[in-house]
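Numbering (our numbering), first residue to last: 2 to 156.
Quick look at the structure:
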């Protein structure tokens with residue numbers, strides 16, 4: 002089902018300032034259940050869709066390559082990478098398979114992106130739209146984390 006959503010939205014988000022990225026967690030591949038792996042994949046997809054963006058972020062990329070498991074560096078690189086986009090849709094499938102600590106880390110970072118958008122912070126333009134689509138079993142852990150890390154009030 003999520004694959005169909007990705008396929009359908011891919012045609013819409015082919016413009017240079019609108020991007021679609023996705024990640025499918027696989028319970029039998031421990032690496033795919035790590036927040037750093039998911040973030041690296043999202044960043045890589047964004048950079049692969051635009052060579053100019055890769056050039057602009059080359060220093061951040063090099064710093065991240067030196068320490069690919071540093072979540073703060075990955076978050077900063079993700080912010081740099083999306084800062085000039087009109088919109089980005091992030092689709093995540095199966096995060097209920099991730100360990101609780103990895104879900105928390107990932108959702109905190111994604112929440113941070115969404116809150117920055119509403120706060121009008123200079124790192125993300127006011128016109129920027131970050132959309133998040135989560136596809137998973139309705140496990141209480143995931144639902145609880147989404148509620149805890151959702152935007153409750155405008156900043």
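We treat Cβ as the ideally placed atom computed from N, Cα and C, and that holds for glycine.
* **As assigned by DSSP and simplified to three states, the class of residue 113** => Of the three classes helix, strand and coil, the one that applies to residue 113 here is helix, per DSSP.
* Taking the alpha helix (DSSP H) that residue 42 falls in, what are its first and last residues? -> According to the DSSP assignment, residue 42 belongs to the alpha helix (DSSP H) that extends over 36-49.
* To do: List the whole-angstrom C-beta distance separating residue 75 from residue 44, where the pair is believed to meet the contact cut-off of C-beta under 8 Å.
  => 7 Å
* Looking at the structure shown, is residue 85 part of a helix, part of a strand, or coil, going by DSSP? -> Correct three-state label for residue 85: coil.
* Asked: Looking at residue 106 and residue 57, is the spacing between their C-beta atoms short of 7 Å?
  -> No.
* To do: Can you tell me which of the three DSSP states residue 97 falls into?
  => helix
* To do: Please work out which residues of its chain come closer than 8 Å, Cβ to Cβ, to residue 28, disregarding the five sequence neighbours upstream and downstream, and give them in chain order.
  => 34, 95, 98
* Check whether residue 41 and residue 22 have beta carbons under 7 Å apart -> no
* According to DSSP, what are the bridge partners of residue 25? -> 94
* Near residue 64, which residues of its chain fall below 7 Å by C-beta distance, leaving aside the five closest residues on each side in sequence? -> 74
* **C-beta atoms of residue 136 and residue 3 nearer than 7 Å** => yes
* Among 80, 25, 133, 37, which one has its Cα closest to the Cα of residue 103? -> 37
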